[in-house]
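Residue numbers (my numbering), protein chains in the order written: chain A, 24 to 603; chain B, 24 to 603.
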């Protein structure tokens, strides 16, 4: 062992002891006759002190540079000027033996909580970035969350089963990453987009509570903060109904919030998909704040305002305490909603002044009583600002939802240390896709229709709801799942609805449908996105900051430079040729 | 919830309660007026009873078949004929409500501890195989071992960090599985053979204790019981020496044996590679039993026995209590060593009889005193049988090692419930490969030479030892690791010795060598093979039995039929063409 203690361990109680520390040189203050060095390791910082009583070692210390790895032995002494910001701030080490374990070039950015390194540079030298407290603490936090999850679920009787990574390509949904087989030329494995079918087979196999923290892979065109490989807390249960799953994972989430933040949360509210869309324009509502949608369509039409009269939907929110916004501020909001990313055509506002009067951009068409009605519908109180968007229902909802989030951001209502989970339930089974002119599975093709809706499958498939549910935390979907189909005929019908031919269905999912014929129990499950869960529990939003070695937006690891070319011999062994 | 209790929960205390159970029909005994059904789930078996008091339900029960999934509600009553072999054997459920949750075709093999299904069939229907207690219990056992490992290491301050699966091909050692990149045509990711370089980068990043239970991938021609994907308990530590690593993971192994088998093991013996080869002819010696090699070369040569006189090595073992073996038995052993898989040319035996006399196959050349000396060298006692092989040193060691294991097997000395760990240390750094006429890394290219041997690197690289170590349990390598190089120049030199050009070294490992320039701490680590560890801790040897969904020896998943062809569209998107 190169140390007797870590750099976070020593305090006044250790004064007089001789200790050995190892770590990185964080900072050097050379005062001539005395040199102070902040020595850093994973556990903290301890001050080393060198003085003229030992000139040889003082000179050695002078040769050190930032991020040198050193070992220092000496006596723990009381500091003359204490630092009460760190646990070791009462002491320092009077060094009498110094050993350089490794030298270091000057790092390309500072190893400080606030670094001068940009994203690109930090990713290239991720191993240096990880030395910084914010990144290091995120990794430690993630490790702790994983452990809490595993132990909680083990306590609930879940078995951690590893499912295979080399499986078969079933490119429904996203694109698969594939792995050419050398031993079976022309054949490919695929990396799992999720262990979905395997966990269902475990249910058929009688493992009635399964969990796994597992990597999943999707070859998608990457958006900001999407990773080609990501981690799921993947779970499945048998002989249960939706209620049991919701209770189990609500229990897990409460446990995490209690252990991590000391919070005792009440039972999570539940809201149907339909209600979430109506009230928040969004199936992952952030309910830390209000600004629930008011439907002004009836109230606002037929009053001579042509813009409104010809729209499908007129929706408004009451922004709390914002009646005092200036013209300039409101113009800025108007510009914001008109940006192509949002796409609204315009914005109508109504100031509900503190004295009960109204001032709106549509005063010409609406009188006081009209606006009183608008205030009632949107829940506005004196002092609030009502913002109204109109257009076709779906895009207007999306636009107003974005505006709601933006206003909450501006008003500081999205508090990272406040946690407001909500279950969104009763998702539609299918989603119509205009482009491909067919239905897609809203959750995935293994989700069961609600028994009471199943009769609509042949006539009005778009109306069929599923026992599918999302757990939403602070406006982010952190988990989702469903009750699954466990009947061969129903699974075949579902795949048919999704446009699979019988042959395709059999090639891709025949093994699962076969399994359903040998006594498949009723089952269902849920998966949490661990990367996002950890980020949100950590009070942050960027998942990349909670991944040790993330890929960039082009799917590249810029540190190791992957992907990369492979040798012609490798290609030949795989019976592959690269085309232009 | 489809049940109030599991099928393993009820006993005499529950008599009189009304309960609901769900599970699979294990067995039906139709006695006409009464039907008994064994209902099975993950937790056990409970007897359901149907009788003529409720004729309707009796008739329903009559329609059930093996492996039907049912839900049964009824009263817990005392059994007339108790079954003391199962925890629920005192009671049965008098069923008054029965619901078929799913039907089942007759399974292709019996769902019993001893099944009539062959390996191939069981793999194709693995979901049915998993219903069998032996497989199910193995999976539960594996889950438990993983949890024990994680919690022990977390308690020791290890951080669980997920390293990436989409990395870069560095095909030193085994072949990589590669993953074509759609977004970067002609470029490939590779799946990790181990997270070796990433865990070293975590050390450079200051995460001084890292652990991960992680899948690794090797595209090798599969031997029996090798899997293309396998699981490692992967660990790395900084600011440590070999001694610290050995102590840490000896602690982990003791913890596992204590928690699983209630065993309190003494400190593990340590043996050098050289000594292991000399005493056991093997770097993974099974030390549950003796039969240590005796080197008879000096003692047996120059006595007129030509066969021995011209050999490099004459090695013997004393098989305890086997002096009474018949001529026929010894002939059988002789045939065994002469099989091509072993390859010995012949076998010399010496019976050390209980009365102190000797009887050998070479009595013509060796007198009583000679054989007394042989007995001393091999440690034989009266009643033992000395078996002697000769030839070139290396193959003779290998052959005698195999014979030693075979004799132990025959004598029942390889007891699955006895655990004899041993550390094998001081491995050579390099291994000469005759075929490629160059050195290979015995452990891997990142292993550091012992500082005291480093001066031999230029002159006698084959003589350089490494601080590399294996943990061997019952004749199986369950873990191995080394102290790593943390210096750029040394790493470059090592890659040079292994035949890398500077350009290749830079392309494949440049990122690691760059990292070493920014303050890399001394570090080292170890990885356990989880599949094998779990099998051995479970008193078994076939790792496939401890993997939920294993591949067969051709690397195929015969259940899902992977690998498989992919669509022309997928190939085109990947810019690939399949060649003949």
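Don't be surprised by glycine CBs; every beta carbon is placed ideally from N, CA and C.
The residues 192, 201, 202, 203 and 204, in chain order, have a CB closer than 8 Å to that of residue 211 (chain A) in the same chain once the five nearest residues on each side in sequence are set aside. From the beta-carbon of residue 191 (chain A), the residues of chain B found nearer than 8 Å are 580, 583, 584, 585, 586 and 587. Residue 24 (chain B) sits in coil when the DSSP states are folded into three classes, being neither helix nor strand. Taken through DSSP and simplified to helix, strand or coil, residue 212 (chain B) comes out as strand.
When rounded, the separation of the alpha-carbon atoms in residue 87 (chain B) and residue 306 (chain A) is 44 Å. DSSP places residue 220 (chain A) in no beta strand (DSSP E) but in the uninterrupted alpha helix (DSSP H) bounded by 219-227.
Within the region 502-531 of chain B, 509, 510 and 530 place their CB atoms closer than 8 Å to a CB of chain A, listed in sequence order. Residue 163 (chain A) reaches chain B at 182, counting residues in chain order whose Cβ is nearer than 7 Å. In the structure shown, residue 456 (chain A) adopts extended strand secondary structure according to DSSP, grouped into three states. In this structure, DSSP gives residue 270 (chain B) a helical state, which the three-state scheme calls helix. Beta bridge pairing from DSSP links residue 62 (chain B) with B:48 and B:69. For residue 45 (chain B), the nearest CB of chain A lies under 8 Å from its own CB, placing it at the interface with that chain. Closer than 8 Å to the CB of residue 186 (chain B) there is at least one CB belonging to chain A.
Residue environment for residue 415 (chain B): exposed (fewer than 16 other C-beta atoms within 10 angstroms of its C-beta). For residue 594 (chain A), same chain residues with a beta-carbon under 8 Å away, outside a window of 5 residues either side, are 600 and 601 in chain order. DSSP places residue 499 (chain B) in the uninterrupted beta strand (DSSP E) bounded by 499-506. Residues of the region 367-393 of chain B whose Cβ lies closer than 9 Å to any Cβ of chain A: none. Taking 8 Å as the threshold, the shortest C-beta distance from residue 27 (chain A) to chain B does not fall below it. Taking the CA atoms as reference points, residue 178 (chain A) sits about 15 Å from residue 66 (chain B).
Short of 6 Å from the beta carbon of residue 495 (chain B), and not among the five residues preceding or following it, lie these beta carbons of its own chain, in chain order: 307, 445 and 447. Between residue 555 (chain B) and chain A, the shortest Cβ-Cβ separation is not below 8 Å. Within the region 290-378 of chain A, complete beta strand (DSSP E) segments of at least 3 residues are found at 293-295, 336-342 and 371-375, given in chain order.
Contacts with chain B at 8 Å (Cβ-Cβ) do not include residue 49 (chain A). The alpha carbon of residue 156 (chain B) has as its nearest neighbour, out of B:403, B:119, B:68 and B:354, the alpha carbon of B:68.
Residues of chain A whose Cβ lies closer than 7 Å to the Cβ of residue 541 (chain B) are, in chain order, 90, 127, 128, 130 and 151.
Between residue 236 (chain A) and residue 166 (chain A) the beta-carbon gap is near 11 Å, outside 8 Å, which marks them as no contact. Interface annotation for the region 242-255 of chain A against chain B: 242, 251, 252 and 254, criterion Cβ-Cβ distance under 7 Å. Distance between residue 291 (chain B) and residue 509 (chain B), taken at the CA atoms: about 29 Å. Interface annotation, residue 59 (chain A): not in contact with chain B, CB-CB separation never under 8 Å. In the DSSP annotation of this structure, residue 567 (chain B) is not part of any beta strand (DSSP E), being labelled neither H nor E.
In the DSSP assignment, residue 234 (chain B) falls within the unbroken beta strand (DSSP E) covering 232-240.
The beta carbon of residue 110 (chain A) does not come within 8 Å of any beta carbon belonging to chain B, so the residue lies off that interface. Legend: CB atoms of the region 191-223 of chain B lying less than 8 Å from CB atoms of chain A belong to residues 191, 192, 194, 198, 199, 200, 201, 202, 203, 204, 205, 206, 207, 208, 209, 210, 211, 212, 213, 214, 220 and 221. The C-beta of residue 264 (chain B) comes closer than 8 Å to at least one C-beta of chain A. Each residue's CA atom was taken as its position, placing residue 164 (chain A) and residue 234 (chain A) some 20 Å apart. If you ignore the 5 residues before and after residue 470 (chain A), its C-beta comes within less than 6 Å of the C-beta of 489, 491 and 505, all in its own chain and listed in chain order.
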